[in-house]
Amino acid sequence: MIVIIDYGMGNLRSVENSLKKLGIKYKISGEKKDIYEADGLILPGVGAFRDAMENLQKRRLIIPIREKVKEGYPFLGICLGMQMLYEAGYEGERSEGLGFLQGSIKLMEPKEDVKIPHIGWSRLEIKRNHKILKDLSKEAYVYFVHSYMAVGTKQDEVIAETEYGKINIPALVGRDNIIGAQFHPEKSGEEGLKILRSFGEMIK
Numbered sequence: 000m001i002v003i004i005d006y007g008m009g010n011l012r013s014v015e016n017s018l019k020k021l022g023i024k025y026k027i028s029g030e031k032k033d034i035y036e037a038d039g040l041i042l043p044g045v046g047a048f049r050d051a052m053e054n055l056q057k058r059r060l061i062i063p064i065r066e067k068v069k070e071g072y073p074f075l076g077i078c079l080g081m082q083m084l085y086e087a088g089y090e091g092e093r094s095e096g097l098g099f100l101q102g103s104i105k106l107m108e109p110k111e112d113v114k115i116p117h118i119g120w121s122r123l124e125i126k127r128n129h130k131i132l133k134d135l136s137k138e139a140y141v142y143f144v145h146s147y148m149a150v151g152t153k154q155d156e157v158i159a160e161t162e163y164g165k166i167n168i169p170a171l172v173g174r175d176n177i178i179g180a181q182f183h184p185e186k187s188g189e190e191g192l193k194i195l196r197s198f199g200e201m202i203k
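Residue numbers for the sequence shown follow numbering that gives the first Met the number 0, so the first one is 0 and each next one is one higher.
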């Protein structure tokens, strides 16, 4: 069973509705016990990096999450949840992240005049093969809502990018059992459902 982690800042219902549509067993919980018993974890997120990490800390969920990831259980971070996979976030002062991936989260600095936040549909440019991409269209468009992005990422941890304002944004990242989506698969129609289905198939 997948546990959708409830820490007070996630778009839980949209993720829940997508998993329900796919027939994937899930549970919404912010309890340590449920996280320890999960076969896979989804960390959604909307809001500020610092607040999100503080909420995880207050609920004493950081250690259970780190232990499950270390044990090899599939983990998917969505939007802010993806950003929290990195070492630090810079929304004002530096805030420590979960540290699963190399790099940090900083405000986007587009090279042409575009609106921030980046809101809307953008095309994924696949950079390397990964099982999360199973059945995904070569010209997949997915839905983004964000002002911050991952920088200083390891190139071999970038699965797909998107271009916005003439900068390349890590859109889908991961290594081993860890996956992060800067976009919202639960709001990305059929292509998003394909990604969530592939994540579900990673569950043993």
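C-beta: ideal position from N, C-alpha, C; glycine also.
Beta-carbon proximity check, residue i vs residue j, cutoff 9 Å
i: Phe48; j: Phe74; result: no
i: Ile34; j: Val2; result: yes
i: Leu123; j: Ser197; result: no
i: Ile177; j: Gly39; result: no
i: Gly199; j: Leu11; result: no
i: Gln56; j: Gly179; result: no
i: Val144; j: Ile158; result: no
i: Leu97; j: Ser146; result: no
Reference residue i; option with closest CA among the options
i: Ala139; options: Val150, Asn16, Glu90, Glu189; result: Glu189
i: Pro43; options: Ser103, Tyr35, Ile27; result: Ile27
i: Tyr6; options: Tyr89, Lys165, Lys31, Pro109; result: Lys31
i: Leu192; options: Asn10, Met8, Gly22; result: Gly22
i: Lys153; options: Met107, Lys126, Ile194, Trp120; result: Lys126
i: His183; options: Gly151, Trp120, Glu92, Leu55; result: Trp120
i: Ala170; options: Met148, Lys130, Met0, Lys186; result: Met148
i: Thr161; options: Pro109, Leu195, Asp175; result: Pro109
i: Gly151; options: Met8, Gly71, Gly9, Tyr85; result: Tyr85
i: Lys130; options: Lys69, Leu195, Cys78, Glu70; result: Leu195
i: Tyr89; options: Ile104, Lys20, Gly76, Leu79; result: Ile104
Beta-ladder partner(s) of residue i, from DSSP
i: Met148; result: Lys105
i: Arg93; result: Tyr89
i: Ile23; result: DSSP, once it has assigned bridges, lists no residue as partnering Ile23.
i: Arg174; result: Ile177
Where residue i sits in the DSSP three-state scheme
i: Ser187; result: coil
i: Pro169; result: strand
i: Arg65; result: helix
i: Ser17; result: helix
i: Arg127; result: coil
i: Ser28; result: strand
i: Glu70; result: coil
i: Ile194; result: helix
i: Tyr35; result: helix
Closer than 9 Å to chain C by CB, residue i
i: Lys32; result: Among the chains in the structure shown there is no chain C, since it carries only a single protein chain.
Proximity test, residue i beta-carbon vs the ligand GTP heavy atom, cut-off 8 Å
i: Arg49; result: This structure simply doesn't include the ligand GTP, nor any ligand for that matter.
Next item on the list: Say whether the segment 106-117 touches the segment 48-57, bearing in mind that this needs 3 or more beta-carbon pairs closer than 8 Å, one atom from each stretch.
Entry: Output reads no: the segment 48-57 does not touch the segment 106-117.
Next item on the list: Give a yes or no on contact between the segment 58-65 and the segment 159-169, applying the rule of three or more CB pairs nearer than 8 Å.
Entry: At 8 Å Cβ cutoff, the stretches do not touch.
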